Amino acid sequence: MAWSRVVQPDDFATVRIGPALTVAAAIGVSLWFAISSFRLGLELIEPLPYFDQWTFIHDDYFRYLDGSYRWTDLFARHNEHRIFTTRLVLFADAVFSHMHGVMPILFIYATLALTAAGIAALCADTGRRAVIVFLAALGFAWSTSQWPNLASAFQVQMSFVHLFALVALAGLSAGSTVALCIAAVADFLAVFSLGSGIFLIFPLGLVAVLNRSYRGFVPLALFHLALTIIYLGGAWPASDEIYGFAPLRSLTLMLECIGLPFGGAATAGAVGLLAFAAMLTLAVRRSAAGARDGRAAALLGVAAFALIEAAVVAYTRFEYGVGARYATAAVVFWLATMAAAWRMAGDRFTPAMALVACTLTFVANRPVYEDDWRQYFASMEQARHDLLGGDLSGDSLGRFFIDPQPYLPEAIRRLASLHVGPFE
């Protein structure tokens, strides 16, 4: 005898309303934390330049004022990076906003929002679903776990490189002539935003393999190779004593980097790596079966780029360990991986994915991150008050420059004479 259950009208309402409430709750949590992060970003803007920004002031800004700066200097090396896009933003802030630091912070938040929007657009097949994914992701994209990059004007490079990588990968996946031209421009900007941009060639190759299309990849790869040669200046960068590799420690550092939004837990990084591996395996199987998905390929390319960055960080920070300023790469990794999972799972798993996004957003915005941010701000404010009072002691300088350089006192005096930044 077959048993059947009569579905009551109230049950239909539950079926419809339950998932909708879950998604609405995830969006509400996301927007709450996004607004909170943005409010903190504006409240804790510090006009006193921090660390590397003083190098920009001495090597770039002052030379610009002296009339000895050339446009090619925008591409000059800063340590192992060529920070063309960062210099443009810092110059704009110095020239048009008297180095208040507001403009770069707004750029950082806007760039992260655009990255989340791009990931949402790749995840969704309709505009309505893209809006839902974006709203559910914004609180994580702006999470305070990456507060060092939300607090420092110089760190705009961290958000720039991921936005440009996303555009390059999406353009290659789209495949049209216009899209490939856009991808080439984005590739150029990624390479000259941060050193990790030179490794974008590998995610681009992954996208080509998953799409089983190499027509656009070959010219883009040759263009990228030319950019890399220019970037390196014909010579591989010199090694540093802090660099290193040991299988277990390097893997642990890589996992800790991926887990930075969740306190740097290697276990969280391992979960993320397994999730990425599962999505990549599924994408490869679907591609082999002829069911290729260019958008999913682009999302996995973005996640792969962040993974490569984590591996590079594990090598270059072998002696020191990873820090919170690398959390933006981890945030982008999780956004892209979860978006790929959301896309591959389909609409019926939307409530479950929204719940996962809600959980990640909660953890990545724990109160401890705000506490650390406020402590940093208080220290910088104390240093600013010391400088305004004429204190150029080592203790004061050490608050905003880890290893104060000989030029720093004179740079501070000149900045004060210009009445910009903290001296306006």
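Every number in my numbering is 45 more than the matching position in the sequence shown, counting from 1.
The C-beta atom is built at its ideal place from N, Cα and C for all residues, glycine as well.
Keep in mind it's a predicted model, so treat the numbers as computed, not measured.
One alpha carbon belongs to residue 169, the other to residue 430, and they sit about 49 Å apart.
Only exposed fits residue 434, as fewer than 16 other CB atoms lie within 10 angstroms of its CB. Around the beta carbon of residue 86, a 10 Å sphere encloses 16 or more other beta carbons of the protein chains shown; the residue is thus reported as buried. Taking a C-beta distance under 9 Å as the contact criterion, residue 290 and residue 185 do not qualify as a contact pair. Residue 303 has its alpha-carbon roughly 7 Å from the corresponding atom of residue 378. With contacts defined by Cβ atoms closer than 9 Å, residue 248 and residue 214 form a contacting pair. Within the region 284 to 360, the runs of alpha helix (DSSP H) at least 4 residues long that lie entirely inside it are, in chain order, 292 to 303, 311 to 333.
The shortest C-alpha to C-alpha distance from residue 89 to any of 270, 448, 145 is the one to 145.
Per the Cβ contact rule, the region 155 to 171 is not in contact with the region 113 to 130 (fewer than 3 Cβ pairs under 8 Å).
The beta carbon of residue 374 sits closer than 6 Å to the beta carbons of 351, 354 from its chain, once the five residues preceding and following it are set aside; these are given in chain order.
Restricting attention to beta strand (DSSP E) runs no shorter than 3 residues, the region 236 to 284 encloses none. Check the Cα spacing between residue 361 and each of 414, 125, 255: the tightest is with 125. Under the 10 Å beta carbon count, residue 141 is surrounded by fewer than 16 other beta carbons and is classified as exposed. When the beta-carbon positions are compared, residue 258 and residue 205 stay at least 9 Å from each other. With a threshold of 16 other beta carbon atoms within 10 Å, residue 403 meets it and is buried.
Per DSSP, reduced to three states, the secondary structure at residue 459 is helical. A contact between stretches requires three or more CB pairs, one per stretch, nearer than 8 Å, and the region 68 to 75 meets this requirement with the region 390 to 403. In this structure residue 341 does not touch residue 383 by the C-beta definition: roughly 12 Å separates them, more than the 8 Å allowed. For residue 457, the closest alpha carbon among the candidates 67, 99, 91 is that of 99.
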